[in-house]
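This report refers to the structure that appears directly beneath it.
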Amino acid sequence: MVRAVVLGAGTMGHGIAQVCAMAGYDVQLSDATEELAQRGAERIRANLEEGVRRGKLTDAQVIEHMSRVTVAGSLEHACDGADIIIEAVPEKADLKRDVLQRAERAAAASALIASNTSSLSIGEMQAWLSQPARFLGLHFFNPVHINKLVEVVRGPATDDATLERGLELVKRIGKEAVVVNDSPGFATSRLGVLLGLEAMRMVEEGVASAADIDKALELGYRHPMGPLRLTDLVGLDVRLDIARYLHEKLGAEHFRPPRILEQMVADGRLGRKSGRGFYDWNDD
Numbered sequence: 460m461v462r463a464v465v466l467g468a469g470t471m472g473h474g475i476a477q478v479c480a481m482a483g484y485d486v487q488l489s490d491a492t493e494e495l496a497q498r499g500a501e502r503i504r505a506n507l508e509e510g511v512r513r514g515k516l517t518d519a520q521v522i523e524h525m526s527r528v529t530v531a532g533s534l535e536h537a538c539d540g541a542d543i544i545i546e547a548v549p550e551k552a553d554l555k556r557d558v559l560q561r562a563e564r565a566a567a568a569s570a571l572i573a574s575n576t577s578s579l580s581i582g583e584m585q586a587w588l589s590q591p592a593r594f595l596g597l598h599f600f601n602p603v604h605i606n607k608l609v610e611v612v613r614g615p616a617t618d619d620a621t622l623e624r625g626l627e628l629v630k631r632i633g634k635e636a637v638v639v640n641d642s643p644g645f646a647t648s649r650l651g652v653l654l655g656l657e658a659m660r661m662v663e664e665g666v667a668s669a670a671d672i673d674k675a676l677e678l679g680y681r682h683p684m685g686p687l688r689l690t691d692l693v694g695l696d697v698r699l700d701i702a703r704y705l706h707e708k709l710g711a712e713h714f715r716p717p718r719i720l721e722q723m724v725a726d727g728r729l730g731r732k733s734g735r736g737f738y739d740w741n742d743d
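Each number in my numbering comes from the position in the sequence shown (counting from 1) with 459 added on.
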């Protein structure tokens, strides 16, 4: 049985663990503490039980999928003997470096190691590792158990065998892959953040309300969700970090964070997780 490990049990990590378990992998979920990892497992169960309420799953399937999910007491214990390791910790370079280096030391030489980063350079991450050829980016999208896309990012040192293993994983979990070469923001974050920042500037300038800007993109261009509502779901602080990173790396003014984004984050208006962003989530 193939064993997958997900490092980070938060918004993205628990979703990645869920789809891996549903695809038949034995999954170990790890976080900074065992309590945080257990919370991630509980979120997986809640997602699956929602699937039962919607008629998509049976109670027996929930039991089967959850039987494949275990909570790891430590990162090192989780990675020992793992076939696939996917890092899904917050977008902080120092944190990712520590987690990936510890994972590589604990893992077998044959393990595939991937990062779910949405914008940080895969090439820079490879420089942290002693075996960069087995490392690549697997950028999932929220909510992971619903969104079909995975952006497979090939770093400068990623070898062909690693790329093929990444694509095989994406296929097995029922997702669709797009392959991009390492570049700041890859394809999806670069395009998505740009659209979101321009929408914020339009709100700032009084062009239209957040709701009407989103409605225009949803109805006029068939986007499943408008860029400002999506920003609320992702987190305004996360979007701000990515915008700053892309502005620094690409030097393009259109990635400079707008004042409205800076101010909202400073005010603690981070989107759904804080209850308020471009929308009020307290009534949902």
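No residue lacks a Cβ here, since even glycine has one placed at the ideal position from N, Cα and C.
Review point. I think residue 700 touches residue 546, with their Cβ atoms under 8 Å apart; what is that distance to the nearest whole Å?
Key: Mapped onto the sequence shown, residue 700 falls at position 241. Mapped onto the sequence shown, residue 546 falls at position 87. Actually they do not touch by this definition, with Cβ atoms about 17 Å apart.
Beta-carbon within less than 8 Å of residue 641's beta-carbon, same chain only, minus the 5 sequence neighbours each way: which residues are those? As a working note, residue 641 is residue 182 in the sequence shown. Cβ within range, chain order: 580, 581, 582, 596, 612, 613, 614, 615.
field: Whole-Å CB distance - residue 677 paired with residue 665, under 8 Å assumed
entry: By one-based count along the sequence shown, residue 677 stands at place 218. By one-based count along the sequence shown, residue 665 stands at place 206. In fact, because the Cβ distance is near 21 Å, the residues do not count as touching under 8 Å.
| Neighbour-count burial assignment, residue 576, 16 or more Cβ in a 10 Å radius | Position 117 of the sequence shown, counted from the start, is the residue given in the question as residue 576. Buried: at least 16 other Cβ atoms inside 10 Å.
#### Entry: Proximity below 9 Å, CB of residue 468 to CB of residue 490
Within the sequence shown, residue 468 is the residue found at index 9, counting from 1. Within the sequence shown, residue 490 is the residue found at index 31, counting from 1. Cβ distance < 9 Å, so residue 468 and residue 490 count as in contact.
* Is residue 482 helix, strand or coil by DSSP? -> As a working mapping, residue 482 is identified with position 23 in the sequence shown. Three-state result, residue 482: coil.
Practice task
Buried or exposed for residue 475, please, with buried defined as at least 16 other CB atoms from any protein chain shown within 10 angstroms of its CB.
Solution key: Start at 1 with the first residue of the sequence shown, and residue 475 comes out as number 16. Buried is the call here.
Between the C-alpha atoms of residue 648 and residue 578, what's the straight-line distance to the nearest angstrom? Working through the sequence shown from its first residue, we reach residue 648 at position 189. Working through the sequence shown from its first residue, we reach residue 578 at position 119. Our two residues, residue 648 and residue 578, have alpha carbons roughly 6 Å apart in a direct line.
If you reduce the DSSP assignment to three classes, tell me which class residue 467 lands in. The residue you call residue 467 lines up with position 8 of the sequence shown. It is coil, neither helix nor strand.
Exercise. With burial defined as no fewer than 16 other Cβ atoms inside 10 Å of the residue's Cβ, what is the status of residue 572: buried or exposed?
Worked result: By 1-based counting over the sequence shown, the position of residue 572 is 113. Taking all protein chains in view, the Cβ of residue 572 is crowded by 16 or more other Cβ atoms within 10 Å, so the residue is classified as buried.
Since residue 505 is in the alpha helix (DSSP H), which residue starts that stretch and which ends it?
-> Taking the first residue of the sequence shown as position 1, residue 505 is located at position 46. Segment 493-512, the alpha helix (DSSP H) holding residue 505.
Exercise for the section: Kindly give me the distance between the Cβ atoms of residue 635 and residue 608, rounded to whole angstroms, as I take these residues to be in contact under 8 Å. Expected result: As a first step, residue 635 must be located in the sequence shown, where it is residue number 176. As a first step, residue 608 must be located in the sequence shown, where it is residue number 149. Right, the Cβ-Cβ distance comes to about 6 Å (below 8 Å), so this counts as a contact.
Practice problem: Report yes or no: do the segment 713-731 and the segment 687-695 share at least 3 C-beta pairs separated by less than 8 Å? | Solution: When C-beta atoms of the segment 713-731 are compared with those of the segment 687-695, three or more pairs fall below 8 Å, so the two segments count as touching.
Original post:
Does the segment 619-628 come close enough to the segment 589-606 to have 3 or more Cβ pairs within less than 8 Å?
Top reply: Contact holds: three or more Cβ-Cβ distances are below 8 Å.
Cβ neighbour criterion (16 or more within 10 Å) applied to residue 630
Mapped onto the sequence shown, residue 630 falls at position 171. By the 16-neighbour rule on beta-carbons within 10 angstroms, residue 630 is exposed.
Alpha-carbon to alpha-carbon, residue 527 and residue 709:
In the sequence shown, counting from the first residue as 1, residue 709 sits at position 250. In the sequence shown, counting from the first residue as 1, residue 527 sits at position 68. Cα to Cα, the separation comes out at about 42 Å.
Would you identify the three-state DSSP class for residue 528, choosing helix, strand or coil? The count along the sequence shown starts at 1 and reaches residue 528 at position 69. Annotated three-state conformation of residue 528 is strand, per DSSP.
Q) When the Cα atoms are used, what is the spatial distance from residue 617 to residue 586? A) Position 158 of the sequence shown, counting from 1, holds the residue named residue 617. Position 127 of the sequence shown, counting from 1, holds the residue named residue 586. Those two C-alpha atoms are separated by around 11 Å.
**Prompt:** Based on the DSSP output, what are the partners of residue 739 in its beta bridges?
**Reply:** Taking the sequence shown and counting its residues from 1, one reaches residue 739 at position 280. Residue pairing for residue 739: DSSP places it in a beta bridge opposite 735.
Check residue 627 in the structure and name its three-state DSSP category.
-> Reading the sequence shown from its first residue, position 168 is the one you call residue 627. Reduced to three states, the DSSP call for residue 627 is helix.
Practice problem: Could you tell me the distance, in whole angstroms, from the CA atom of residue 628 to the CA atom of residue 619? | Solution: As a working mapping, residue 628 is identified with position 169 in the sequence shown. As a working mapping, residue 619 is identified with position 160 in the sequence shown. Their Cα atoms are separated by approximately 14 Å.
_I'd like to confirm the pairing. Which residues does DSSP put opposite residue 730 in its beta bridges?_
Start at 1 with the first residue of the sequence shown, and residue 730 comes out as number 271. DSSP lists 735 as partners of residue 730.
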